[in-house]
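Read through the structure below, which is laid out as structure tokens, and then see the notes.
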Amino acid sequence: MNIKKYLLGLTLCLFFMVSGCAIALGPQAVDLKESQRPPVLRLEQVSEQKSGSGSEEWPGFRDLLIRALNQPPASSIFTKDSSGLALKIELKSSHESDTSRLIGLGLLSMGTLGILPLHYHSDWPVKGDVTIYSGDGKVQGQYHVQSTGTYDIQAYPLTMFTLFGASFQGDADAKEILQRTANDIVSQIMRAVDSDYEKLAVVYRSQMLAKAEQSVVEASSRDELRIIKSDVDDIPAAKAKINSNKSYAIVIGIERYRQKLPRADFATHDAQTVTDYLTKVLGYPEENVITLLNDRALKSDFEKYFEKWLMNNVEKEGTVFVYYSGHGAPDPRTGSAYLVPYDGDPSFIDQTGYSLKRMYEALGRLQAKEIIVALDSCFSGAGGKSVLAKGARPLVMNLEQDIKLSKNMTVMSASSGDQISSTYDEKGHGLFTYFMLKGIKNEDVVKQDGSLDISELHSYLKSQVERIARKQYNNEQTPQLIVPKKN
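Note that this note's numbering has the sequence shown beginning at 40, numbered continuously upward.
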């Protein structure tokens, strides 16, 4: 009798030892990575058409996909700028009801006393048509994406126990499946956009510049500022072609400020024209030129592009060109010079501005062959393209103090010391920028490889700027050429 009890107990133990289940979830998890390119899209619309007997039992993919797209790393492909190309997604998803099938599986398990192994499979197929539109309604890209979420369970005897145990993690498994499926769709969208990025970036940039130009025209109309087309606005033929993978530029023009600062006349027009010269004359590829105008030039944008975008893209033998037209400001306590972003406040310039020292340090970390910085601004607070905190007095600024340029960097600044940087009203540009562009257009300063002879360019524009400043404004304005100090 004891032997029978022992054998019965051993048999039950063996049943429980071999009892269990194998659960497989699909699709495989994907590792989403943040895009290193400037965003060109805006999420316009996501719609979903659900079908199948289980369509009412589950929420579908739409909301989950929207959340995934609006969170890092997927959100890195979207800009908050209304100039972004519109991304529309039309989903079709299907799911058959699990309820009736699970009830049938449970009855089968009880009917077989849990002895027979059982298998259960459920899937959530989803397909999507992704379309990218430009502002004029034209289709700029079309892609098809699809993925299938799957749930497979292989239950072993005693199946009533294994199925019961598996039910406790059913909700968590379902959430994991839906999240994996959404991430898979997002990954496909990001890869598709990346494959067409150069084309999309060109369209986005043209929309952005057109919008900014329209804003300038409207602002000019309101404030009776007349934009005059000058000789440098007729873009000359290309003078060189540069390796498209190794030439990068950041161009910034801030004419209007959130803090109601005095307008920096012609700053956006300056920046737009400089961008045209870089891409059409010097051969910089359009997708490698970042143009930040007015409210797109926040302090966070300075940080993003100077400290991250350049670092992620510029190669060892690369060329970098930085141009800034807008207000500068001094810190009265330290004498440090700051660029004033769109959201900058001269009263809190150390917290809201972007210091030249910080910019030079970020540029100095690059392995580029050559870095050129052109600043059509001034930093003394004496007027022109310079602003001060209320109650502060202008300073005599030395832009070389506390600044250590890397050996590959050259800086051209529009003025010196306590001077102001003037506009050239009859030409519709900053005085410094006008003659910089005129030098590139007419003087022999562009080398065969597309690089600039900075010494020759500075020599030309310095004499011209000094002459016009004295003749028309009775001012002294002496552009500076700052080069690395020799050890």
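We put the CB at the ideal spot given by N, CA and C, even for glycine.
Here the structure is a predicted model, which means the values were calculated and not measured.
query	result
Assign G383 to one of three DSSP states: helix, strand, or coil.	coil
Helix, strand or coil for G422? Go by DSSP, reduced to three states.	With a pLDDT of only 40 at G422, under 50, the local geometry of the prediction cannot be trusted, and the value read off the model is given with reservation. Three-state result, G422: coil.
Write down every uninterrupted run of the beta strand (DSSP E) in the stretch 107 to 136 whose length is 3 residues or greater and which is fully enclosed by it, in chain order.	124 to 133
Check this for me: beta carbons of I411 and F474, under 8 Å apart or not?	no
Just the Cα atoms here: how many angstroms apart are H366 and W163?	56 Å
Check this for me: beta carbons of P518 and H497, under 8 Å apart or not?	yes
What did DSSP end up calling A428 once you bin it into helix, strand or coil?	Only weak support is given to the placement of A428: the predicted model assigns it a pLDDT of 40, under 50, and the question is left unresolved by the model.
In whole angstroms, what separates the C-alpha of S286 from that of G357?	6 Å
Please look up how many angstroms separate the CB atoms of I224 and V178, rounded, as I've assumed it's under 8 Å.	20 Å between Cβ atoms; not a contact.
Taking DSSP as the reference, what is the three-state secondary structure of E263?	Here E263 scores only 41 on pLDDT, less than 50, and its place in the model should not be relied on; the value that follows carries that caveat. Note: E263 maps to coil in three-state DSSP.
Check whether the Cβ atoms of T118 and V79 sit closer than 8 Å, and answer yes or no.	yes
Might you give, ordered along the chain, the residues of its own chain that have their beta carbon closer than 7 Å to the beta carbon of A107, omitting 5 neighbours on each side?	A113, A221, N222 and V225
Does the Cβ-Cβ distance between Y381 and Y296 come in under 8 Å?	yes
Can you tell me where the alpha helix (DSSP H) with A453 in it begins and where it stops?	Looking at the DSSP string, A453 is not in any alpha helix (DSSP H), and its letter there is neither H nor E.
Should D309 and G292 be called a contact, given that it needs their Cβ atoms to be closer than 8 Å?	yes
Let me know the beta strand (DSSP E) ranges lying completely inside the stretch 325 to 354, each 3 residues or longer, listed in chain order.	328 to 332
Take every Cβ of the stretch 474 to 492, pair it with every Cβ of the stretch 376 to 393, and state whether three or more of those distances are shorter than 8 Å.	no
Determine the contact status of Y316 and L124, defining contact as a CB-CB distance below 8 Å.	no
Taking 6 Å as the limit between beta carbons, can you name the residues of its chain near L395, skipping five residues before and five after?	A376
Which residue comes first and which comes last in the alpha helix (DSSP H) that contains V313?	A306 to K319
Hey, quick one: how far does the alpha helix (DSSP H) through I493 stretch, first residue to last?	I493 to Y512
Starting from F471, trace the beta strand (DSSP E) in both directions and tell me its first and last residue.	From DSSP, F471 is part of no beta strand (DSSP E) but of the alpha helix (DSSP H) over L470 to N481.
Below 8 Å on the Cβ atoms is my guess for M247 versus S122; work out the distance and round it to an integer in Å.	4 Å
In whole angstroms, what separates the C-alpha of P371 from that of S386?	10 Å
Just reading off the alpha helix (DSSP H) that Y323 is part of, what are its end residues?	Per DSSP, Y323 belongs to no alpha helix (DSSP H) and is neither H nor E.
Using CA atoms only, rank isn't needed, just tell me which of D212, D389 and Q88 is closest to A68.	D212
Name the DSSP beta bridge partners of R230, please?	The partner list for R230 (beta bridge, DSSP) is empty, contrary to what the question assumes.
Pull up the distance between the alpha-carbon of Y512 and that of M398, whole angstroms please.	31 Å
With 16 other CB atoms within 10 Å as the buried threshold, where does S299 fall?	The question names Ser, but residue 299 in the sequence shown is Lys. The residue in question, K299, is exposed, as its Cβ has fewer than 16 Cβ neighbours within 10 Å.
When you compare the stretch 335 to 355 with the stretch 444 to 460, are there three or more beta-carbon pairs, one atom per stretch, that lie closer than 8 Å?	no
Between which two residues does the beta strand (DSSP E) carrying K166 extend?	L157 to Y172
Who are the Cβ neighbours of Y82 in its own chain at under 8 Å, not counting the five residues just before and after it?	The sequence given here places Leu at residue 82; Tyr does not occur at that position. Answer for L82: I105, L108, N109, F117 and L126, listed in chain order.
Could you please give the first and the last residue of the uninterrupted alpha helix (DSSP H) stretch that includes L395?	L395 to G403
Ordered along the chain, which non-local residues of its own chain (more than five positions away) have a Cβ less than 6 Å from that of K89?	G99 and S132
Leaving out five residues on either side along the sequence, give the residues of the same chain with a beta carbon under 7 Å from the beta carbon of V504.	L470, F471, F474, Q516 and P518
By DSSP, does I521 sit in helix, in strand, or in coil?	strand
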